[in-house]
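Working notes, beginning with the structure itself.
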Amino acid sequence: MRYISYINDGKRGYGILVGGKVYQIKACEPDLDTYILRDGLLSKQEIMAGSKPIDEKDVTLLSPFTRDMNMLCVGLNYWSHADEFSRTMKTSVQNDESIYFIKRVHDCIGDGQNLRARLDLDPKCDYETELGVVIGKEMAPGSKVDESVIFGFTIINDYTSRGFQNKYKQWSLGKSIDTYCGMGPAIVTLDEFENPFDLYIRGYKNNELVQDSRTTLLRRQIFDIIRDLNQGMTLHKGDVIATGTPAGVAVGKNDMAAFLKPGDVFRCEIEGIGKLENKVV
Numbered sequence: 000m001r002y003i004s005y006i007n008d009g010k011r012g013y014g015i016l017v018g019g020k021v022y023q024i025k026a027c028e029p030d031l032d033t034y035i036l037r038d039g040l041l042s043k044q045e046i047m048a049g050s051k052p053i054d055e056k057d058v059t060l061l062s063p064f065t066r067d068m069n070m071l072c073v074g075l076n077y078w079s080h081a082d083e084f085s086r087t088m089k090t091s092v093q094n095d096e097s098i099y100f101i102k103r104v105h106d107c108i109g110d111g112q113n114l115r116a117r118l119d120l121d122p123k124c125d126y127e128t129e130l131g132v133v134i135g136k137e138m139a140p141g142s143k144v145d146e147s148v149i150f151g152f153t154i155i156n157d158y159t160s161r162g163f164q165n166k167y168k169q170w171s172l173g174k175s176i177d178t179y180c181g182m183g184p185a186i187v188t189l190d191e192f193e194n195p196f197d198l199y200i201r202g203y204k205n206n207e208l209v210q211d212s213r214t215t216l217l218r219r220q221i222f223d224i225i226r227d228l229n230q231g232m233t234l235h236k237g238d239v240i241a242t243g244t245p246a247g248v249a250v251g252k253n254d255m256a257a258f259l260k261p262g263d264v265f266r267c268e269i270e271g272i273g274k275l276e277n278k279v280v
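0 is the number of the first residue of the sequence shown in numbering that gives the first Met the number 0; add one for each residue after it.
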């Protein structure tokens, strides 16, 4: 299924998208973030039978998850990005190294919503197209990792203040400015993909292709990432993991014109999920 959050006729709702129609999930939970925590989620047939369809064009998409969250992130997880990053920043990785950090998310923006770039704090506002993994069950440390632990995939744009990231040794401050996280357009369950672990991933700045890769090129693959995090940490249903970005980010170009500025539009695309587009204001 393709789970979305939206506004229709001035009211917030959440549901599934099927063939250009939105079917609202009529449950007691106030938002999708809370709904997926319940036991016994409704089937597609139950949702469609209990809801009057709404045309997709009549809803305004929100981030699928609308509450604040602490997102789990992987840094430098494509070799192409690790190489470009090491040329201009203070961090590099060796073959067996991984970088994990927390991104504090407030005012997560969905497809079509605006990024409020804080260029007064730092003029180096960068983009990072990433595959997001939503955990689907409670995982005590050392749990078995397979497809059953994944609720679905989404697109994440891990917007970043490169000045803050370079100034402070830990990355979280540079990653956690309000609205500096895009998510959407939907959370897509794995049964919707022909091959969920081999997807194209692309980023466009003002319609110019700047990032182009495949998820098979991740240094640490999705199950590896989950195992790493779950070694000593309980993972909860609804946790979101951003798996890293490929080459093509602004910081790798060594050109201030490559960074985002008001009026720019950045679009992320991942095969089988769709697009996540934000205008910079």
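Note that beta-carbon positions come from the ideal geometry of N, C-alpha and C, so glycine has one too.
Item	Value
Whole-angstrom distance between G202 and S175, CA atom to CA atom	21 Å
V73 vs I224 beta-carbon contact at 7 Å	yes
E268 versus G111 - alpha carbon distance	13 Å
Anticipated Cβ contact below 8 Å, H105 with A246, distance rounded	Contact flag wrong, Cβ pair sits at about 28 Å.
Continuous beta strand (DSSP E) stretch holding I176: start and end	Note, I176: premise wrong, no beta strand (DSSP E); not H, not E.
Neighbour-count burial assignment, I6, 16 or more Cβ in a 10 Å radius	exposed
Cα-Cα separation between T242 and C27, rounded to whole angstroms	32 Å
Element boundaries [alpha helix (DSSP H), containing E45]	43-48
Identity of the residues DSSP links to C124 by a beta bridge	S160
As assigned by DSSP and simplified to three states, the class of L208	strand
Boundaries of the alpha helix (DSSP H) in which A81 is found, first to last residue	78-87
Local Cβ density within 10 Å of D95, reported as buried at 16 or more and exposed below that	exposed
Residue from D125, G131, L41 whose Cα sits closest to the Cα of L217	G131
Per-residue burial, T159 [other beta carbons within 10 Å of its own, 16 or more giving buried]	buried
S4 (DSSP reduced to helix, strand or coil)	strand
Unbroken beta strand (DSSP E) run spanning N277, endpoints	273-279
Burial state of L120 (16 or more Cβ within 10 Å)	exposed
Exposure label - V250; buried when at least 16 CB within 10 Å	buried
Simplified DSSP assignment, three categories, for K143	coil
Spatial distance of A185 from R1 (CA atoms)	6 Å
Distance between E276 and D263 (C-alpha atoms, nearest Å)	11 Å
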